[in-house]
Amino acid sequence: MLTKILETKKEEIASLTIPDPYQGERRSLKAYLTRRGSQAHVIAEVKKASPSKGVIREDFNPLEIALSYESGGADAISVLTDVTYFQGNREYLTEIKKHVKIPVLRKDFIVDPLQVEESEALGADAILLIAAALEPEKLKELYDLAYNKGMECLVEVHSSQELEELMNVFTPEIIGVNNRDLSTFVTSLEVTEKTGSLIPAESVFVSESGIHEPKDLERVAKAGANAVLVGESLMRQRDPGEAVKRLKGETLHDED
Ligand SMILES: O=C(O)c1ccccc1NCC(=O)[C@H](O)[C@H](O)COP(=O)(O)O
Numbered sequence: 001m002l003t004k005i006l007e008t009k010k011e012e013i014a015s016l017t018i019p020d021p022y023q024g025e026r027r028s029l030k031a032y033l034t035r036r037g038s039q040a041h042v043i044a045e046v047k048k049a050s051p052s053k054g055v056i057r058e059d060f061n062p063l064e065i066a067l068s069y070e071s072g073g074a075d076a077i078s079v080l081t082d083v084t085y086f087q088g089n090r091e092y093l094t095e096i097k098k099h100v101k102i103p104v105l106r107k108d109f110i111v112d113p114l115q116v117e118e119s120e121a122l123g124a125d126a127i128l129l130i131a132a133a134l135e136p137e138k139l140k141e142l143y144d145l146a147y148n149k150g151m152e153c154l155v156e157v158h159s160s161q162e163l164e165e166l167m168n169v170f171t172p173e174i175i176g177v178n179n180r181d182l183s184t185f186v187t188s189l190e191v192t193e194k195t196g197s198l199i200p201a202e203s204v205f206v207s208e209s210g211i212h213e214p215k216d217l218e219r220v221a222k223a224g225a226n227a228v229l230v231g232e233s234l235m236r237q238r239d240p241g242e243a244v245k246r247l248k249g250e251t252l253h254d255e256d
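Right under this line is the structure:
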């Protein structure tokens, strides 16, 4: 599936137009994922559909969902902008960015400098870079470009091997471990447990995918995750903000 998605991206990039630049401020994803007050940091994802699950939420108003996430205590919003496989849209990101006060991550398959430029123009605070889609040197090039433009990157791996290959080149500030195999869709929190011990202490560690309940969050936190990225299980709730609150509330221990 990842190969198929990347083929589609190649076609999209060939006809990509950069929108008018977003003029507002940028926010630091890293700062929000390490802010005091809670141990359970949540990136809540706005995702209508996915290749593994089809349509997840029929009644889909991306801005309403994002505002609900924010009021429920999400630390950041992830927005799927891919049209073909996730029924997302890049306009959702700009609209959400204009209305929320927390950082907005562009979740897409970014493999080309033009897409980094596009993300900047859309108003993204951070972008996703996937190790399975990029050679480590190419990933570093896009990473540096994003940071030079005032954005941050969530760098995603799915195995210890991918992480080691990446760290031979550089150490990202924010590392995501995706519990979902993007080719087979098999999702297991064991991936976070196996890979977690190799994440350097100076990097923010995000466990992604397959988190449904507070006990899942506790499990990945035990493996060292500072934050979780959650899509489907929140999107299926009638009130997504309440769902964030519940996910954080039952595991949240005030530090003060
Ligand atoms: O979600 C999919 O089916 C998928 C398929 C192929 C490539 C990427 C895919 N998902 C992107 C993600 O990583 C998730 O949207 C994100 O981590 C949230 O996962 P979940 O909480 O399980 O919805």
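Each residue of the sequence shown is one higher than the one before, counting from 1 in the UniProt record's numbering.
Positions of the beta carbon are idealized from the N, C-alpha and C atoms, including for glycine.
Span of the alpha helix (DSSP H), counted from its first residue to its last, around S68: Mapped onto the sequence shown, residue 68 falls at position 68. Run containing S68: P62 to S71, per the alpha helix (DSSP H) assignment.
Neighbourhood of K97 by C-beta, 6 Å cutoff - its chain only, sequence neighbours within 5 removed: Numbered from 1 along the sequence shown, position 97 holds the residue referred to as residue 97. Cβ neighbours of K97 beyond the five flanking positions: V104 and G123.
Which listed residue (Y69, P214 and D82) has its alpha carbon closest to that of G241: Taking the first residue of the sequence shown as 1, we reach residue 241 at position 241. Distances from the alpha-carbon of G241 to those of Y69, P214 and D82 put Y69 closest.
L134 versus E152, V169 and E120, residue with shortest Cα-Cα distance: By one-based count along the sequence shown, residue 134 stands at place 134. That would be V169, whose Cα lies nearest to the Cα of L134.
CB of P136 within 8 Å of CB of C153, strictly: Taking the sequence shown and counting its residues from 1, one reaches residue 136 at position 136. Taking the sequence shown and counting its residues from 1, one reaches residue 153 at position 153. With a cutoff of 8 Å on beta-carbon distance, P136 and C153 are scored as not near each other.
Counted within 10 angstroms of its Cβ, other Cβ atoms place D59 as buried (16 or more) or exposed: Within the sequence shown, numbered from 1, the residue matching residue 59 stands at position 59. Its Cβ having fewer than 16 others within 10 Å, D59 is exposed.
Expected contact under 8 Å - CB spacing of T81 and K107 to nearest Å: On the sequence shown, position 81 is the one that residue 81 refers to. On the sequence shown, position 107 is the one that residue 107 refers to. 7 Å between Cβ atoms; contact.
V191 and V177 closer than 8 Å at C-beta: Sequence index remark: in the sequence shown, residue 191 carries index 191 (1-based). Sequence index remark: in the sequence shown, residue 177 carries index 177 (1-based). Yes; because the gap between Cβ atoms is below 8 Å, this pair is in contact.
8 Å CB neighbourhood of D256 in its chain, flanking five on each side removed: Taking the sequence shown and counting its residues from 1, the one referred to as residue 256 is at position 256. With a pLDDT of only 35 at D256, under 50, the local geometry of the prediction cannot be trusted, and no value is derived from it.
Nearest to L166 (by Cα), restricted to the options K101, G54, Y143 and K222: Within the sequence shown, numbered from 1, the residue matching residue 166 stands at position 166. For L166, the nearest C-alpha among the options comes from Y143.
Closer than 7 Å: R219 CB and nearest ligand 1 heavy atom: Your numbering for residue 219 matches position 219 in the sequence shown. No - ligand 1 has no heavy atom lying nearer than 7 Å to the Cβ of R219.
Sequence-distant residues of its chain with Cβ nearer than 8 Å to G210 (five each side left out): Numbered from 1 along the sequence shown, position 210 holds the residue referred to as residue 210. Cβ-Cβ distances below 8 Å link G210 to N179, R180, T187, S188, L189 and D216 in the same chain, with the five nearest sequence neighbours on each side left out; the list follows chain order.
Coarse secondary structure for K107, derived from DSSP in three states: As a working mapping, residue 107 is identified with position 107 in the sequence shown. Secondary structure of K107 (DSSP, three-state): strand.
Of the listed residues L93, P51 and Y147, nearest to S63 (C-alpha basis): For this step, residue 63 is matched to residue 63 along the sequence shown. Reading the sequence as shown, one finds Leu at residue 63 and not Ser. Comparing Cα-Cα distances from L63 to each of L93, P51 and Y147, the minimum goes to L93.
Per-residue burial, R90 [other beta carbons within 10 Å of its own, 16 or more giving buried]: Counted from its first residue, the sequence shown places residue 90 at position 90. Result: buried.
Nearest to T8 (by Cα), restricted to the options V111, E162, L198 and D75: The residue labelled residue 8 in the question sits at position 8 within the sequence shown. When only C-alpha atoms are compared, the closest one is V111.
Residue(s) in a DSSP beta bridge with A44: Taking the sequence shown and counting its residues from 1, one reaches residue 44 at position 44. Note: A44 sits in a beta bridge opposite I77 and V230.
Residue of Q23, V228 and E118 minimising C-alpha distance to E213: If you number the sequence shown from 1, residue 213 lands on position 213. Closest by alpha carbon: V228.
Contact set for L234: own chain, Cβ-Cβ below 8 Å, skip 5 residues either direction: Taking the first residue of the sequence shown as position 1, residue 234 is located at position 234. Within the same chain, and ignoring the five residues on either side of L234 in sequence, the residues whose Cβ sits closer than 8 Å to its Cβ are A44, E45, Y69, P240, A243, V244 and L247.
Span separating the alpha-carbon of S71 from that of I65: Start at 1 with the first residue of the sequence shown, and residue 71 comes out as number 71. Start at 1 with the first residue of the sequence shown, and residue 65 comes out as number 65. Their backbone Cα atoms lie some 10 Å apart in a straight line.
S207: CB within 7 Å of a non-hydrogen atom of ligand 1: Counting from 1 along the sequence shown, the entry for residue 207 is found at position 207. S207 Cβ: outside cutoff for every heavy atom of ligand 1.
Any non-hydrogen atom of ligand 1 within 7 Å of I110 CB: Here residue 110 is taken as the residue at index 110 of the sequence shown, counted from 1. Every heavy atom of ligand 1 is 7 Å or more from the Cβ of I110, so no.
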